[in-house]
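Chains as they are written, first to last, in the numbering used here: chain X, 286 to 655; chain U, 286 to 655. Even for Gly, the Cβ is constructed at its ideal location relative to N, Cα and C. What follows is a short report on a single structure.
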């Protein structure tokens with residue numbers, strides 16, 4: 286990162302490499318494949334555009350920030366090449382619909398490719414991306430952002446597909462209705478589009494965004510790379526940095542995944558290895574890893590982060606690249622406190638994902654020294 | 286009908302009774318249940334609004350006409366009450382999006398409830414409905430209008446549901462894409478919404494609308510009622526008036542219907558009665574009656590009209606009120622020549638409905654004297 290005269294930070298290719306890893310970890314298996322996202326952002330950088338991050342505290346209160354991201358199933362966006370300017374078309378159509386000019390681009394979810402999409406759009410539009418996001422991780426549905434949870438109304442919004450179709454969700458009576466209509470429409474569009482939501486003010490974003498998640502993800506990625514470089518343990522590096530813990534290691538013994546209603550859904554079974562042999566773990570998937578159970582007992586669930594790493598490389602795995610027989614490590618990372626309030630848990634707690642039998646029991650945030 | 290000083294025709298309750306029957310016949314089983322539509326239009330009339338028809342030839346060339354209609358599955362709109370102002374919200378949102386004021390409302394399809402929806406919206410907005418439509422019957426998909434076939438681009442369009450959600454299809458790269466996105470979205474909205482398309486000019490509509498279909502449907506309904514009143518044969522009255530023929534009578538022996546992708550689809554089997562005993566007929570359904578076969582041989586298919594009447598009353602049946610054991614008469618009516626061109630057959634011929642094995646062989650239009 287290189288500070289520019291206007292106070293924004295310009296990213297270089299090494300930042301994108303680090304963001305790929307860090308956003309993959311925070312993505313908890315979803316948010317779109319970060320490798321594909323990195324390739325797209327890097328191409329934009331090589332084409333001569335600036336990828337810029339704006340520190341949250343430098344944002345003017347009255348600034349207009351347009352949050353945006355890819356919508357659809359990660360599996361589709363992994364296999365199907367984007368046209369490239371979907372997000373820019375969203376931004377321009379939204380500006381036209383509402384008669385305003387955006388000051389910055391916002392990130393809906395820092396996890397996976399959705400950390401890269403705002404950078405690409407910001408670059409093409411000449412705008413910085415605010416250093417923060419609405420999830421601090423990845424979640425499968427649009428209403429699951431701190432923006433929506435704390436009162437931002439996301440319509441009018443604009444959704445654009447690779448073909449050139451443009452749909453405006455002009456008014457949704459609730460955030461959940463917005464999600465339902467957009468999800469149905471993105472399936473018709475082929476399963477991977479971009480959606481830009483109604484602008485937020487700088488003052489709102491400073492209060493309710495999960496702060497500094499771009500610098501967090503880049504720092505996390507650098508820590509993993511550094512641990513790998515010096516043959517130290519990347520798993521330990523992640524846990525130390527994020528205050529999390531290593532909860533399981535094992536081999537994937539069964540993997541059920543299917544594409545349903547515009548989502549990747551499924552279950553992974555993992556047989557224990559090393560210090561965990563004799564135990565079995567299960568992970569419930571809806572685009573992201575939602576719930577981790579050991580020997581039939583739920584241990585970690587949304588909104589806390591269930592992260593799956595390749596056991597040997599320490600690099601994060603997304604749901605669509607998991608394979609039978611893979612050796613994996615499972616980490617539990619504590620979620621930001623904005624995700625743990627009663628309001629938030631109604632939208633992103635286990636009951637919101639169809640598991641009312643589980644109660645969210647926040648994992649303690651360990652001290653970095655531990 | 287009563288002519289007003291401005292040259293438009295005001296409808297009364299007896300016109301709505303006749304339109305219910307006539308639009309039911311032209312609806313070929315679909316277009317939404319005309320009885321429900323009549324109740325809604327009648328209520329608007331009783332609330333003191335004018336239901337007005339504007340003769341096609343009085344339309345100014347530069348007039349802006351907004352075509353609209355219900356979208357979804359007829360079965361849903363039969364069972365679920367509309368909120369009532371969906372169409373008016375569509376019209377207002379479209380006017381706001383494009384910055385114009387509509388001069389008249391247009392009809393997408395004269396068949397079934399979709400003959401009534403424009404009257405309701407026109408009444409609430411104080412606008413007349415142009416005497417003509419885009420189908421001269423009913424078809425299941427939006428791109429199947431003469432408007433779309435002869436070059437009108439239907440986006441930007443606005444779709445509103447009973448809940449208050451508003452979606453703008455701002456740009457669709459083709460008419461079929463518009464249909465695909467709107468169909469997916471209406472399913473998410475519950476299966477019965479209203480959609481208003483981009484305005485057409487008066488000169489375009491005078492050239493490409495199926496002309497005079499409101500007065501045609503009302504006249505047809507009156508002829509059936511009159512035949513019933515004097516104990517004459519309503520089937521003969523319809524055939525005489527529309528130049529069609531009575532192709533089958535029988536009892537429904539099997540009826541497969543299901544709700545798929547936002548449509549009612551299915552097949553009806555009919556065992557012959559009276560002069561047709563010993564023969565079996567089959568009708569293919571997608572919201573409407575599409576294809577009539579006798580003893581395994583296709584005889585009548587889209588765009589020509591396959592009409593199913595209750596054998597005793599001579600009144601038309603929609604697909605959702607057909608029942609096992611019902612005694613029915615099947616009529617074949619010739620379609621308008623605008624539906625029979627090579628351009629039109631690409632969109633509304635049997636191949637467009639998944640039956641490339643059939644070739645459209647237009648039924649001859651019989652003389653009224655016959």
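Among the residues facing chain U, residue 378 of chain X is included, as its CB has a counterpart in that chain under 8 Å away. A distance below 7 Å between beta-carbons, with the five flanking residues on each side excluded, links residue 502 of chain U to the following residues of its chain, in chain order: 304, 307, 308, 311, 395, 400.
Contact check between the stretch 473-483 of chain U and the stretch 636-652 of chain X: fewer than three CB pairs, one atom from each, fall below 8 Å, which does not count as touching.
Put simply, the CB of residue 470 of chain U is near chain X, with a gap under 8 Å to one of its CB atoms.
Residue-level contact by beta carbon holds for residue 457 of chain X and chain U, with a gap shorter than 8 Å. Non-local C-beta neighbours of residue 551 of chain U in its own chain, meaning closer than 6 Å and more than five positions away in sequence, comprise 541, 542, 570, ordered along the chain. The beta carbon of residue 454 of chain U sits closer than 8 Å to some beta carbon of chain X. Within chain X, the residues placing a beta-carbon under 8 Å from that of residue 448 of chain U are 458, 462, ordered along the chain. Distance from the CA of residue 632 of chain U to the CA of residue 464 of chain X, rounded to the nearest whole angstrom, comes to 32 Å.
Ranked by Cα distance from residue 288 of chain X, the first of X:510, X:500, X:548, X:509 is X:500. At a cut-off of 8 Å between beta carbons, residue 466 of chain X contacts chain U. In this structure, the alpha-carbon of residue 621 of chain U lies about 10 Å from that of residue 590 of chain U. With contacts defined as CB atoms closer than 8 Å, residue 393 of chain X and residue 430 of chain X qualify as a contacting pair. Around the beta carbon of residue 436 of chain X, fewer than 16 other beta carbons sit within 10 angstroms, so the residue counts as exposed. In the assembly as shown, residue 510 of chain X is a buried residue. Its beta-carbon has 16 or more other beta-carbons within 10 Å.
Nearest neighbour of residue 595 of chain X by Cα position, chosen from X:456, X:628, X:425, X:513, turns out to be X:513. The stretch 443-461 of chain X makes no contact with the stretch 513-525 of chain X; the number of CB pairs closer than 8 Å stays below 3. In the DSSP annotation of this structure, residue 489 of chain X is not part of any beta strand (DSSP E); the continuous alpha helix (DSSP H) holding it starts and ends at 487-493. Here residue 597 of chain X has no same chain residue with a Cβ atom under 6 Å from its own Cβ, once five neighbours each way along the sequence are excluded. Between the C-alpha atoms of residue 360 of chain U and residue 608 of chain U there is a straight-line separation of about 14 Å. In terms of Cβ geometry, residue 350 of chain U and residue 415 of chain U form a close pair [threshold 8 Å]. Annotation for residue 612 of chain U: 536, 596 place their beta carbon closer than 6 Å to its own, counting only its chain and skipping 5 residues before and after.
Taking C-beta atoms under 8 Å as the contact rule, residue 296 of chain X and residue 323 of chain X fail to qualify, at a distance of about 11 Å. Residues of chain X with a Cβ closer than 7 Å to the Cβ of residue 474 of chain U are, in chain order, 466. At a cut-off of 8 Å between beta-carbon atoms, residue 366 of chain U makes no contact with chain X. In the DSSP assignment, residue 628 of chain X falls within the alpha helix (DSSP H) that extends over 627-633. With three or more CB-CB distances shorter than 8 Å, the stretch 420-429 of chain U counts as touching the stretch 377-394 of chain U. By the CB criterion at 8 Å, residue 378 of chain X and residue 412 of chain X fall outside the cutoff. For residue 337 of chain U, the closest alpha carbon among the candidates U:362, U:299, U:405 is that of U:405.
For residue 451 of chain X, the neighbours in chain U by C-beta distance under 7 Å run, in chain order, 455, 456. Collapsing the DSSP output to three states places residue 461 of chain X in a helix. When DSSP states are grouped into helix, strand and coil, residue 438 of chain U belongs to the coil group. Counting only runs of at least 3 residues, the stretch 361-414 of chain U fully encloses the following beta strand (DSSP E) elements, listed from N- to C-terminal order: 389-392.
Taken through DSSP and simplified to helix, strand or coil, residue 620 of chain X comes out as coil.
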